[in-house]
Amino acid sequence: MLKLKTRRAAAKRFRITGTGRLQRRHAFRNHLLGHKSSKRKRFLATSATVDPTDHDRVQGMLPYGG
Numbered sequence: 001m002l003k004l005k006t007r008r009a010a011a012k013r014f015r016i017t018g019t020g021r022l023q024r025r026h027a028f029r030n031h032l033l034g035h036k037s038s039k040r041k042r043f044l045a046t047s048a049t050v051d052p053t054d055h056d057r058v059q060g061m062l063p064y065g066g
């Protein structure tokens with residue numbers, strides 16, 4: 001059987017935790033930060049969990065765990 005290819009774009013954006021959950025970064029923390037409050041930027045700096053509705057789709061892009 002052939003090896004499955006990992007979607008490299010997804011591998012750079014998602015990380016699998018020890019319990020099997022997928023972590024991602026928040027959007028809107030790249031540029032145009034001057035008008036955003038410190039509290040909002042601090043929240044955006046934390047990692048988020050991929051929603052269960054998207055979990056299988058992202059998991060399919062990472063056949064070997066990213």
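Quick note, the sequence shown lines up with residues 1 to 66 if you use UniProt numbering.
Every residue gets a Cβ at the ideal spot worked out from N, C-alpha and C, and that includes glycine.
Here the structure is a predicted model, which means the values were calculated and not measured.
- Within 10 angstroms of its Cβ, does residue 4 collect 16 or more other Cβ (buried), or is it exposed? Residue 4 is exposed by the Cβ-count criterion.
- Item | Nearest candidate by alpha-carbon position, reference residue 45, set 53, 31 and 54 | For the residues 53, 31 and 54, the minimum Cα distance to residue 45 belongs to 31.
- Message: Given a cut-off of 8 Å on the beta-carbon distance, is the pair residue 66 and residue 9 in contact?
- Response: Not a contact, by the Cβ cut-off of 8 Å.
- Message: Taking its Cβ as the centre, do 16 or more other Cβ atoms sit within 10 Å of residue 22, making it buried, or is it exposed?
- Response: Its Cβ being crowded by 16 or more others within 10 Å, residue 22 is buried.
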